[in-house]
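Protein chains in written order, with the numbering used here: chain A, 6 to 355; chain B, 6 to 355.
Backbone N, C-alpha and C define an ideal beta-carbon position, used for all residues, glycine too.
Inspection log for the structure reproduced underneath, given as structure tokens.
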């Protein structure tokens, strides 16, 4: 890793707590189906997981949006479900359906999983992608690795697919909190190993996606969202002092304040529903925040997009800040709107 | 309406800002498919809307949970989509699919709607249900009327059905904010008339459901969620001084604080994801709060349900508070868990 005491890259400066002269920008799911060059690679790659496990192609799709838009960060092309896949749970991605897993909802299901020690071996192709990116990325672009947070990954492992209410995971957690905690503990360990291997391979920042954090009631949020991410942050900071970790507890609402403080994350991702004014008052004093343009504003484009982006920039650009969306880019996004947004953010001076 | 200066009913006392000796309880969607007696009526009623427009049967299903559990409030059995139906938009409820509407996404669609003045005429059977309930409810049970908030109703009107991302309404709002505002204005007016007619027929409290408030970015939340509900509260308070209005801006997160203050609502419904500790500090000082047990805890039952209910009661029971769920009861809820929860809440003394 490069000298962490005086970061030169824009994104690393922001994560170190600096208000930067120009605002760094990258977008969640910036490598994806809205790009014709992505769809071309995707069509040739086989399954979605085949693409994730093909270092040459995964490198290529990671680089595509960097070439096109000059983002300040590249995020490894991969998926949060490679961890259950590496643990031995059957994961498939079906066209138009999203991920489908053989659900695990009890101790017997957990017992059938492989050991955490096997995860980084199974995911070697992912770390090879990171190494390739480390070598091929322009020197001013930060390389971000990532993983799903234990709670969010567990919702897929228990539900077998995405669900609007995370019912399977919640019912397990509510009926058998100790048993469910065993799953979370496995995922904490596996996530630490998976993120560490990404850092070893060259990732300069890691982001932890907790897409479904906001659906949990407070007591369960503490146990299954906040605490596991705190454990992961602690372990990473012990292994890699100074490593910036961004946590993204989507929908955490008022609980985000305590979450940011207690987890020890260096940056906090804000979802679309977070008020920038509120974040400036309650979150940014604790560190760098990242977000949070509505992905559908990027689909709409025009002056509503620019106006709402300007609002976010004017409120949060006064402190350490990374511009991003509030959730991932959607496939129907016109690529020219992304170019317009990048130009708008790059031209912004507070 | 009864003497509002000194309410006798438990729910009205809480909404007047009193800390009550025992905590009032009702549950969102307490009349519904989890009850065998409801399923029986439903099977005989024809379509779901036929049931909503049948005063005798709608009265019966409203009363069923009161008989069974002795809740402190009965909420009119109806649906938020009766308003677009009354405005002339085609609404149907398909088994296993939920509501299906002919989508309206532009000015031409708005022009084809009937006048707001026709809404209360079309919904006369709903008000007849309210009148019947007024006469038949036990004297200590509060009668709650309700409507959807303009934003949430608009998401169905534009999308034609429920959607995880409210894309159709958002894209309209982002591409043509003035045109979309015309739809919101129609809904503000229609909602004021619809709620007023319920109060005239005997509703003692009204609740405004903004199920999708939390998906809006701050600037749009201000325009399309907060402001319309403020207009509705203002109009109702002018017509009916002292009428308690409960607003339920689901997912509003940190924006709930300002929302509660600015709308002038008398009570604020908290969704599952709101931290009771946070609400006690930021929301309850402004008035009565209501919520927020996870509906899946009610499915799970047992000590996790009782434990999390106790936590909510101990944190929020010190001030004006109404116990409820954080979202509606789900069909797979065992009726005996509801009985257990009511007993637990009724036995609580802070």
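Using the three-state DSSP reduction, which class does residue 28 of chain A fall into: helix, strand or coil? coil
Going along the chain, which residues of its own chain have a beta-carbon closer than 7 Å to the beta-carbon of residue 163 of chain B, five neighbours each way excluded? 108, 109, 110, 173, 174, 177
Could you compute how far the alpha carbon of residue 168 of chain B sits from the alpha carbon of residue 169 of chain A? 10 Å
Exposure of residue 341 of chain A, with buried meaning 16 or more beta-carbon neighbours within 10 Å: Burial check for residue 341 of chain A: the Cβ neighbour count within 10 Å stays below 16, so the residue is exposed.
Does residue 283 of chain B come within less than 8 Å of chain A when only Cβ atoms are used? yes
How big is the Cα-Cα spacing for residue 131 of chain A and residue 203 of chain A? Taking the CA atoms as reference points, residue 131 of chain A sits about 8 Å from residue 203 of chain A.
Taking a cut of 9 Å between CB atoms, which residues from the stretch 243-259 of chain B lie near chain A? 256, 257, 258, 259
Helix or strand or just coil, what does DSSP make of residue 94 of chain B? Three-state result, residue 94 of chain B: coil.
In the structure shown, what three-state DSSP assignment does residue 99 of chain A receive? strand
Taking 8 Å as the CB-CB limit, is residue 111 of chain B close to chain A? no
What's the C-alpha gap between residue 325 of chain B and residue 289 of chain B? 7 Å
Looking at the unbroken beta strand (DSSP E) that takes in residue 152 of chain B, where does it start and where does it end? 147-153
From the DSSP output, in three-state form, read off residue 296 of chain A for me. strand
Could you pull the DSSP bridge partners for residue 215 of chain B from this structure? B:254
Helix or strand or just coil, what does DSSP make of residue 89 of chain A? helix
Given residue 297 of chain A as reference, the closest of A:22, A:275, A:88 once Cα atoms are compared: A:275
In chain order, which continuous runs of the beta strand (DSSP E) of length 3 or greater are located wholly inside the stretch 217-280 of chain B? 250-254, 272-274
What whole-angstrom Cβ distance do residue 90 of chain A and residue 31 of chain A have, given they're in contact under 8 Å? In fact, because the Cβ distance is near 25 Å, the residues do not count as touching under 8 Å.
In the DSSP assignment, find the unbroken beta strand (DSSP E) run with residue 327 of chain A in it and report its ends. Taken as a continuous stretch (DSSP letters only), the beta strand (DSSP E) holding residue 327 of chain A covers 326-330.
From the DSSP secondary-structure annotation, give me the bridge partner or partners of residue 105 of chain A. A:97
Please compile the residues from chain A whose C-beta is within a distance smaller than 9 Å of the C-beta of residue 182 of chain B. 309
Any beta-carbon of chain B closer than 8 Å to the one on residue 294 of chain A? no
Report buried or exposed for residue 337 of chain B, applying the criterion of at least 16 other Cβ atoms within 10 angstroms of its Cβ. With fewer than 16 other Cβ atoms from the protein chains shown falling within 10 Å of its own Cβ, residue 337 of chain B counts as exposed.
Could you compute how far the alpha carbon of residue 268 of chain B sits from the alpha carbon of residue 63 of chain B? Rounded to the nearest angstrom, the two C-alpha atoms are 30 Å apart.
In chain order, what residues of the same chain have a beta carbon less than 8 Å from the beta carbon of residue 347 of chain B, not counting five sequence neighbours either side? 30, 74, 75, 76
Distance between residue 14 of chain B and residue 54 of chain A (C-alpha atoms, nearest Å): The straight-line gap from Cα to Cα measures roughly 59 Å.
Taking all protein chains shown into account, do 16 or more other C-beta atoms lie within 10 angstroms of the C-beta of residue 21 of chain B, making it buried, or fewer, making it exposed? buried
Once the 5 residues before and after residue 198 of chain A are set aside, which same chain residues still bring their CB inside 6 Å of it? 124, 125
So with Cβ pairs under 8 Å, would you call residue 323 of chain A a contact of chain B? no
Beta strand (DSSP E) runs contained entirely in the stretch 114-179 of chain A, provided each spans 3 or more residues: 147-153
Would you mind sorting residue 286 of chain A into buried or exposed? The rule is 16 or more other CB atoms within 10 Å of its CB. Residue 286 of chain A comes out exposed.
Rank B:100, B:117, B:95, B:52 by C-alpha distance to the C-alpha of residue 83 of chain B and give the top, closest one. The residue with the shortest Cα to Cα distance from residue 83 of chain B is B:52.
Listed in chain order, which residues of the stretch 177-205 of chain A have Cβ atoms closer than 7 Å to some Cβ of chain B? 179, 180, 182
Closer than 8 Å between beta carbons: that is the criterion. Which residues of the stretch 210-240 of chain B meet it against chain A? 219, 220, 221, 222, 223, 224, 225, 226
Taking C-beta to C-beta, are residue 327 of chain A and residue 295 of chain A nearer than 8 Å? yes
According to the neighbour-count rule (16 or more other Cβ atoms, all chains shown, within 10 Å of its Cβ), is residue 352 of chain A buried or exposed? exposed
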